[in-house]
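Taken in order, the sequence shown gives residues 345 to 590; the numbers are from the numbering used here.
Backbone N, C-alpha and C define an ideal beta-carbon position, used for all residues, glycine too.
Computed from a predicted model, the values in this text were never measured in an experiment.
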Amino acid sequence: MKIKADLHTHTTFSHGKNSIEEMVNRARQLGLQEIVISDHGRSHPLYGVKPYNFRVMREEIDRLNEKYSDIQIYLSVESNITGKDGTIDIGEEERQYCDWIYAGYHWVYIPHRFSDFFTFKLRNYLTKVLPFLKAGSRRANTQTYLKMMDRYDLKMITHPGDKCPIDVEAVAKKAAEKHVILEINPRHHHLNVEELKRAAKYGGTFAINSDAHSTDRVADVAEGIAWAAASGIPQEQIINLAQDEM
Ligand SMILES: [Zn+2]
Ligand SMILES: [Zn+2]
345 MKIKADLHTH TTFSHGKNSI EEMVNRARQL GLQEIVISDH GRSHPLYGVK
395 PYNFRVMREE IDRLNEKYSD IQIYLSVESN ITGKDGTIDI GEEERQYCDW
445 IYAGYHWVYI PHRFSDFFTF KLRNYLTKVL PFLKAGSRRA NTQTYLKMMD
495 RYDLKMITHP GDKCPIDVEA VAKKAAEKHV ILEINPRHHH LNVEELKRAA
545 KYGGTFAINS DAHSTDRVAD VAEGIAWAAA SGIPQEQIIN LAQDEM
């Protein structure tokens with residue numbers, strides 16, 4: 345069982361261990377048809393791609409697309425959700441040089457506004473240790489995700505609900521309307537089997553990705569494929585599965 349495209353990988357431009365070309369060559373070795381380089385958004389204080397590097401990455405990917413005819417390589421960014429109002433950390437460089445934009449929630453980022461530190465970031469931290477906050481947090485995070493999909497033309501939401509509880513059904517319904525892919529990310533445990541069962545019925549699309557930070561993890565998604573199979577989600581809703589593999 346395998347995927348034909350890995351839509352979520354990291355390189356040394358954020359905190360991955362390998363270069364773009366090394367990741368591409370591993371993907372070619374595995375017979376993938378496509379790979380997407382999607383390093384972390386700029387608001388991560390340590391790992392975020394420096395804005396000036398998007399042009400450098402674009403040039404490198406254009407060069408590799410010329411060099412290798414057996415694989416298609418795309419540039420994206422795993423932007424951070426930095427504001428309660430659905431703000432993500434993209435600027436002119438991301439818009440200009442990326443083929444498309446992803447968004448995901450992470451622990452470490454510089455909040456969009458000062459108030460977002462309390463109303464969004466700190467709340468999600470506290471929700472992890474104070475379970476009674478979960479219901480309110482879920483309601484607020486769901487609104488954030490819905491607003492984000494209205495405000496931006498997103499290709500995919502990475503590991504939806506990881507580190508920030510959401511109403512999976514409301515998010516899946518909106519994602520289907522807006523043609524936003526929801527990710528099945530075994531590295532981050534979302535979407536999981538239970539979430540997939542609830543999300544699939546809205547008819548949207550899903551992708552199983554490795555989120556590899558090194559060449560040895562490219563297309564390493566066996567667990568994600570097992571979750572998809574266990575959830576009973578129709579095969580045609582998973583856009584990057586190799587034919588007849590489930
Ligand atoms: Zn992520
Ligand atoms: Zn990632």
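Nonlocal neighbours in the same chain, by C-beta distance under 8 Å from residue i, ignoring five residues either side
i, result
"ASP511", "ARG482, ARG483, THR486"
Limits of the beta strand (DSSP E) - the one that residue i falls within
i, result
"TYR453", "Neither: TYR453 is in no beta strand (DSSP E) and is coded neither H nor E."
"GLN416", "416 to 424"
Span of the alpha helix (DSSP H), counted from its first residue to its last, around residue i
i, result
"GLN373", "364 to 373"
"GLU580", "Premise fails: GLU580 is in no alpha helix (DSSP H) and is neither H nor E."
"LEU540", "537 to 543"
"TYR593", "What the structure shows of the chain is the stretch from 345 to 590, and residue 593 is not part of that stretch, so it cannot be assessed."
Local conformation of residue i per DSSP, three classes
i, result
"PHE357", "coil"
"VAL400", "helix"
"ILE528", "strand"
"ALA551", "strand"
"LEU351", "strand"
"ALA563", "coil"
"ASP383", "strand"
"ALA586", "coil"
Own chain partners of residue i with C-beta closer than 7 Å, once the 5 adjacent residues on each side are dropped
i, result
"ASN362", "THR355, THR356, SER558, THR559"
Chain-order list of residues whose beta-carbon lies under 6 Å from that of residue i (same chain, five-residue window excluded)
i, result
"LYS522", "MET493"
"PHE464", "LYS428"
"TYR441", "PHE398, ARG399, ARG402"
Short Cβ contact (7 Å threshold) for residue i with residue j
i, j, result
"GLY548", "ALA516", "yes"
"PRO395", "ARG386", "yes"
"SER575", "LEU526", "no"
"PRO504", "LEU535", "yes"
"HIS384", "GLY392", "yes"
C-beta neighbour in chain D for residue i, strict 7 Å
i, result
"ARG561", "Chain labels in this structure do not include chain D; a single protein chain is all it has."
>> For a minimum of 3 consecutive residues, which ranges assigned as the beta strand (DSSP E) are wholly contained in the stretch 445 to 526?
In response: The qualifying runs are 446 to 448.
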